[in-house]
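Protein chains in written order, with this note's numbering: chain D, 884 to 998; chain U, 112 to 226.
Note that CB positions come from ideal geometry on N, CA and C, so glycine has one too.
All of these numbers come straight from a predicted model, not from anything done at the bench.
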């Protein structure tokens with residue numbers, strides 16, 4: 884079975900550029916999460932969706948960050964404009980929901996470096 | 112608000128020796144607790160979970176964890192470590208509401224395995 888698929892795996896960009904990270908959740912999963920991982924702050928939940936609807940975006944750092952889920956099989960996390968402090972590994976995860984409480988299936992992550 | 116503390120940032124253990132990773136949580140109600148493992152360059156994978164019932168739970172890869180309410184702890188153990196267990200381990204607590212499936216992660220413990 885295909886797991887959660889993220890792209891790109893690595894992105895190097897310059898400060899001020901727009902960055903778009905993509906995620907395809909596991910088919911049939913109702914919940915999708917975006918996490919950010921850094922050495923300083925560990926794993927932080929940025930936003931999560933249920934049935935394509937954003938439920939909680941309180942972890943989104945600021946207005947430069949936005950996330951969408953136009954359909955059940957695709958989500959994007961966009962940073963515009965990017966800054967060096969956005970450098971991190973961004974993970975997407977999905978879960979079926981109440982029937983599998985807490986069992987998140989993670990993608991391999993997108994490592995972002997902003998110069 | 113819930114929180115998770117993993118007191119040990121790094122642990123080095125010899126192959127074949129036992130391993131115990133500490134996790135302390137803070138949560139106002141009965142917690143849902145999880146351990147995840149992250150191999151280098153990979154996303155997180157669920158090792159085991161505790162919801163209720165037997166306080167000693169078994170997971171994949173020979174791991175187990177014990178929930179101790181009186182100590183607010185959920186320590187992870189393995190009797191005999193293999194070189195492939197070198198990874199980072201994350202404890203997490205769930206905030207499970209009807210509309211959500213959020214997890215709060217600890218800072219992680221990196222395990223190094225000596226030959």
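Boundaries cannot be given for residue 194(U), as no beta strand (DSSP E) includes it and DSSP labels it neither H nor E. For residue 153(U), the chain D residues whose Cβ falls inside 7 Å of its Cβ are 991, in order along the chain.
Straight-line measurement puts the Cα of residue 954(D) at about 21 Å from the Cα of residue 213(U). Taking the Cα of residue 961(D) as reference, the smallest distance to any Cα among 944(D), 910(D) and 988(D) is reached at 944(D).
In this structure, residue 125(U) and residue 225(U) form a Cβ contact; the two beta carbons are roughly 5 Å apart against a cut-off of 8 Å. For secondary structure counted as the beta strand (DSSP E) over 3 or more consecutive residues, the segment 144-205 of chain U holds these complete runs in sequence order: 155-161, 167-169, 175-179 and 184-189. Under DSSP, the beta-bridge partners assigned to residue 954(D) are 957(D). Using a CB distance cut-off of 8 Å, residue 957(D) does not count as an interface residue toward chain U. According to the DSSP assignment, residue 927(D) belongs to the beta strand (DSSP E) that extends over 925-933. Boundaries of the beta strand (DSSP E) harbouring residue 939(D): 936-939, taken from the DSSP string. Taking residue 215(U) as reference, the option from 122(U), 138(U) and 129(U) with the minimal CA-CA separation is 138(U).
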